[in-house]
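Shown next, in structure tokens, is the structure this report addresses.
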Amino acid sequence: MLKGIFCKFTNPHFFSLGSLLVFIFSSAAIGTEQNFTFRGKILENAGECTFVGDNSIIEFGDDVYIDKVNGTDYKKTKIPFELDCSDVSSVQLTIRIDATGTGLGCDKVLCTDHQGLGLKLYQNNSVLNVGEKIDFVVNANHKPLLLPSFYAVPVKINDVNLGAGEFSSMATVVLEAP
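Just so we're aligned: the sequence shown equals residues -28 to -1, 1 to 150 in mature numbering (1 follows the signal peptide of the UniProt record, and there is no 0).
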């Protein structure tokens, strides 16, 4: 294809002008440098982990009392999930809980559709902010080592006066290889 393009430039003045432009642009670039760093991680048989079971609804029940909502232990409910990493051999992974709530405090807790009520997240007994990453390792036997346990606890956002009513919230559990 290039051979055909050069054959079209039969006018010697046009070709000379083209050569001059190439020389000017190449000489203007002499003496400038740009270093690039390339990074990556090669994985051997990366495989995949999948969530097992259909535990996508976490029930707090019909008896969440307004005056007991404290954001620490009242109605502390485990977020049940299990991972099948049978295709993965010895790799570090991260897990996080993402949500797209709107309003004050929704960057730290899961906001609900009930005015002033949120769900504070915990990893074991430590507070976990929405989107915060937790590292864990899948061993050579395809089992997660110390898979984090997550909990949700009803919390009043900014000490508002809660009213009675139903509530719901939505979040996504994301599993990634760093």
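Even for Gly, the Cβ is constructed at its ideal location relative to N, Cα and C.
- [ ] Could you pull out every unbroken beta strand (DSSP E) segment of at least 3 residues lying fully inside the segment 34 to 59, listed in chain order?
- [x] 49 to 51 and 54 to 56
Open item on the list: Using a 10 Å radius around the Cβ and a threshold of 16 neighbouring Cβ atoms, would you call Thr84 buried or exposed?
Closed with: Against the sequence shown, residue 84 aligns to sequence position 112. Thr84 should be labelled buried.
Open item on the list: Our contact map puts Leu55 next to Val24 with C-beta atoms below 8 angstroms; I'd like the distance itself, whole angstroms only.
Closed with: As a working mapping, residue 55 is identified with position 83 in the sequence shown. As a working mapping, residue 24 is identified with position 52 in the sequence shown. Leu55 to Val24, Cβ: 7 angstroms. Contact.
Task: Inter-residue Cα distance where the pair is Leu134 and Leu76 - done: Here residue 134 is taken as the residue at index 162 of the sequence shown, counted from 1. Here residue 76 is taken as the residue at index 104 of the sequence shown, counted from 1. Computed Cα separation, rounded: 15 angstroms.
TODO: Check whether the Cβ atoms of Leu82 and Ser141 sit closer than 8 angstroms, and answer yes or no.
DONE: Working through the sequence shown from its first residue, we reach residue 82 at position 110. Working through the sequence shown from its first residue, we reach residue 141 at position 169. The answer is yes: Cβ separation under 8 angstroms.
Task: Cut-off 7 angstroms between Cβ atoms - residues of its own chain near Val41, not counting five sequence neighbours on either side - done: Residue numbering aside, residue 41 sits at position 69 when the sequence shown is read from its first letter. Closer than 7 angstroms at Cβ, skipping near neighbours: Pro126, Val127, Lys128 and Leu134.
Task: Contained beta strand (DSSP E) runs [length at least 3] in the segment 74 to 148, N- to C-terminal order - done: 89 to 95, 98 to 100, 106 to 110, 122 to 128 and 144 to 148
Task: Beta carbon of Gly90 nearer than 8 angstroms to that of Arg68 - done: Indexing the sequence shown from 1 puts residue 90 at position 118. Indexing the sequence shown from 1 puts residue 68 at position 96. The answer is no: Cβ separation not under 8 angstroms.
Open item on the list: Do Asp70 and Ala143 have their beta-carbon atoms positioned less than 8 angstroms apart in this structure?
Closed with: Locating residue 143 in the sequence shown gives position 171, counting from the first residue. Locating residue 70 in the sequence shown gives position 98, counting from the first residue. Yes. Within cutoff.
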